[in-house]
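Peer 1: Quick note: the sequence shown uses the working numbering, first residue 14, plus one each step.
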Amino acid sequence: MKVLVLNAGSTSVKYNLYEMDTEARIATGRVERIGGDAAHVGADRVATPVHAPTHREAIAAVLASLAARGALAHAAEPLAVGHRVVHGGEELIRPVRIDDAVKRTITECAVFAPIHNPVNLAGIEAAQAVLPEAEHVAVFDTAFHAQMPAAAFTYAVPQSLYLQRGIRRYGFHGPSHQYMALSAAEHLRTDLSRLRLVTCHLGGGCSLAAIDGGVSVETTMGLTPLEGLVMGTRSGDLDPAIPVLLGRGGMSPDEVDALLNRQSGLAGLSGVASGDYRDIERAADEGDVSARLAIEVFTHRVRKYLGAYAAILGGVDAVVFTGGIGENSARLRAAVCEGMTFMGVSLDPARNADPSAFAVSGVTDVSTRRAPARVLVLPTDEERMIAREVMRCLRGPTAAIRSVQARPIPVGVSVRHVHLSAKDCAALFGEGYELSHRRDVTQKGQYVTRETVDLVGPKGEIRGVAIINPLRSETQVELARTDAFVLGVKPPLRESGQLDDTPGITLRGTKGEVRLPRGVILAQRHVHMSPDDARTYGVKDKDVIRVQADGDREMEMGDVLVRVREDFVLDMHIDTDEANAAGLHNDSVVSYAGVQSD
14 MKVLVLNAGS
24 TSVKYNLYEM
34 DTEARIATGR
44 VERIGGDAAH
54 VGADRVATPV
64 HAPTHREAIA
74 AVLASLAARG
84 ALAHAAEPLA
94 VGHRVVHGGE
104 ELIRPVRIDD
114 AVKRTITECA
124 VFAPIHNPVN
134 LAGIEAAQAV
144 LPEAEHVAVF
154 DTAFHAQMPA
164 AAFTYAVPQS
174 LYLQRGIRRY
184 GFHGPSHQYM
194 ALSAAEHLRT
204 DLSRLRLVTC
214 HLGGGCSLAA
224 IDGGVSVETT
234 MGLTPLEGLV
244 MGTRSGDLDP
254 AIPVLLGRGG
264 MSPDEVDALL
274 NRQSGLAGLS
284 GVASGDYRDI
294 ERAADEGDVS
304 ARLAIEVFTH
314 RVRKYLGAYA
324 AILGGVDAVV
334 FTGGIGENSA
344 RLRAAVCEGM
354 TFMGVSLDPA
364 RNADPSAFAV
374 SGVTDVSTRR
384 APARVLVLPT
394 DEERMIAREV
404 MRCLRGPTAA
414 IRSVQARPIP
424 VGVSVRHVHL
434 SAKDCAALFG
444 EGYELSHRRD
454 VTQKGQYVTR
464 ETVDLVGPKG
474 EIRGVAIINP
484 LRSETQVELA
494 RTDAFVLGVK
504 PPLRESGQLD
514 DTPGITLRGT
524 KGEVRLPRGV
534 ILAQRHVHMS
544 PDDARTYGVK
554 DKDVIRVQAD
564 GDREMEMGDV
574 LVRVREDFVL
584 DMHIDTDEAN
594 AAGLHNDSVV
604 SYAGVQSD
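#1: Sort out for me which residues DSSP pairs V75 with in a bridge.
#2: What are the partner residues of M585, as DSSP defines its beta bridges?
#3: Here's a check: name, in chain order, each residue in its chain whose Cβ is nearer than 6 Å to the Cβ of G55, leaving out the five neighbours to either side.
#4: If the criterion is Cβ atoms closer than 8 Å, does the pair R305 and A297 meet it?
#5: Taking the alpha-carbon of G241 as reference, which of A254, L221, L258 and V228 has the nearest alpha-carbon?
#6: Could you check whether V560 and M585 sit closer than 8 Å to each other, using their CB atoms as the reference points?
#7: Checking the sheet assignment: what are the DSSP bridge partners for Q489?
#8: Which first and last residues belong to the alpha helix (DSSP H) in which Q177 is found?
#9: Unbroken beta strand (DSSP E) runs of length 3 or more, entirely within the segment 223-250: which are they?
#10: Identify the residues that DSSP records as bridge partners of S604: which are they?
#11: Compute the beta-carbon to beta-carbon distance between N599 and V424, rounded to the nearest angstrom, for a pair I have assumed lies under 8 Å.
#12: Is T203 buried or exposed, if buried means 16 or more other CB atoms sit within 10 Å of its CB?
#13: Does DSSP put I128 in a helix, in a strand, or in coil?
#14: Can you give me the Cβ contacts of D437 inside the same chain, cut-off strictly under 6 Å, excluding the 5 residues immediately before and after it?
#15: Would a C-beta distance cut-off of 8 Å place V502 and I481 closer than the cut-off?
#16: Which two residues bound the contiguous alpha helix (DSSP H) that contains L529?
#17: According to DSSP, N20 sits in a beta bridge with which residue or residues?
#18: So that I know if they touch, is there some Cβ in chain D lying closer than 8 Å to that of Q141?
#19: Could you give the distance in angstroms between the alpha-carbon of T73 and the alpha-carbon of R295?
#20: Could you tell me the alpha carbon to alpha carbon distance between Q456 and A156, rounded to whole angstroms?
#21: By the 10 Å Cβ neighbour count, where 16 or more other Cβ atoms means buried, how is S449 classified, buried or exposed?
#22: Quick check on R58: buried or exposed, where buried means 16 or more other Cβ atoms within 10 Å of its Cβ?
#23: Quick check on H214: does DSSP put it in helix, strand or coil?
#24: By DSSP, does A592 sit in helix, in strand, or in coil?
#25: DSSP three-state label for H68, please.
#26: Less than 8 Å between the CB atoms is what I'm expecting for G249 and G278, so what's the real figure, rounded?
Below you can see the structure in the form of structure tokens.
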């Protein structure tokens, strides 16, 4: 099943398309400047002008692009659509199929999220118009925090404001905090129910959450995303009298709202208009006093909440950082964790500052070896969590249960086959003969031919062996070890194309025979990846990785070679012996389990 995750903004629509059997991200991109000079920007970052005066045309442009690239069979291909919605209030506390009642509640909650909910709803209605046959599911930023205790979510104002108007703390960034918690549990190899975590989502928007046994029991954002930490352009916590004083001084409610949401935070404190933490760090390094103060205020607020949440939890097992700042600023992590040894937090300065430690996607532990509390850093994946929540909503609570960090890789079982050179093809089938197409294989431009060859070895024969086109500079025969026993040859385990010191064999075709002096190998198991796939998995060409095969014959496979090329399609090739041992077939997937260190 395919799931299209949409995140509608006021002038943009971001999208990610997943094939949920493998959780492969098939496509990603956005349509920006809706209502103006709209453009579609795909994973290649190339902007293509599109006609998108409204969200409806923007989503139609997304579907047309996906169909043109082959990500969807056609623009109307059935799929599920997951819509990110910021505020669900107290009623919408889990992913739900979208109907008129759900849309009414989203509209009612817009009073708490006036910037986000109306455009989220516009995206929903536009997608429903373009994809009327699809299942549409809303996933809420607030839902993960729905089990906070009353002591945590209640404001000290008259109870009637809560009972009649729903004024309470809700929290946001739910998919990100959920992803961090699950990732931490997997990395620490324990059940989430055993852990006390403080998760830190630090980016343009920032929030911390205290998670006890998988349940969010406190979080920094409140009724709206304005409360809590200092953010890119949002003020975070301030004296409630300040908006009152500003109003009495002549500012309208809209002006106060704009001041606190768009002109404050790191941008307002530093004077760096972008509010981008990287720009502010550079300005501070150059001696800008305001930029330095902005960093100090930001760090102080994070440390304050981290210590408070450790107290609420009665200690922490791990502190988890993600987001543009949390992942990329070693200086910020060091400043936040400084002096936290009293709660078991001790950072390894060298590892924290070493970019190579973060070269592999997944979780990186930057704490000292024997620290009681671990400090973990990871790239969040909110869109993948939304896609999973869609599956659980539509297919039940056990759908899409798999490792949150592991990245599924589709399996291609490589049956014995031959790659021919032009010279040997002519000898086997006749001068000028062109091999005919039978069926495509996974990799672009390659196909199985209708023609076959026989393999003749010292001890036996194997007839009707498949040929894979196109032709190569040198003929290569790829076998499983059981095939080698039948033929009586002893091929080494090799990467494709490495034919030095390999045995030969005789090939028999319809017009003649060829005696190969070399070219028979046992193909090393390997994964084909495009450069985008390699970036997603955090690997590079010639890396060696481990994968996990689940099922009745669960096992971990090491020594899996990564091969990266622009035209490669994600696929792991194993031979028939390996597939049988692990109970795998061509519809199976394995999970990426990390780079092999040895």
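For each residue, glycine too, the CB sits at the ideal point set by N, CA and C. If you're wondering where the values come from, they're calculated on a predicted model, not measured in any experiment.
Peer 2: Straight from the coordinates:
#1: Beta-bridge pairing links V75 to no other residue.
#2: V424 and V540
#3: G42
#4: yes
#5: L221
#6: yes
#7: H432
#8: Q172 to R178
#9: 228-232
#10: P421 and Q561
#11: 7 Å
#12: exposed
#13: coil
#14: T488 and V527
#15: no
#16: Taken as a continuous stretch (DSSP letters only), L529 belongs to no alpha helix (DSSP H), being part of the beta strand (DSSP E) at E526 to L529.
#17: K27
#18: Going by chain labels, chain D is absent from the structure shown, which holds only one protein chain.
#19: In the sequence under discussion, the amino acid at residue 73 is Ala, which differs from the Thr named in the question. Rounded to whole angstroms, A73 to R295 spans 41 Å at the Cα level.
#20: 41 Å
#21: exposed
#22: exposed
#23: strand
#24: helix
#25: helix
#26: 7 Å
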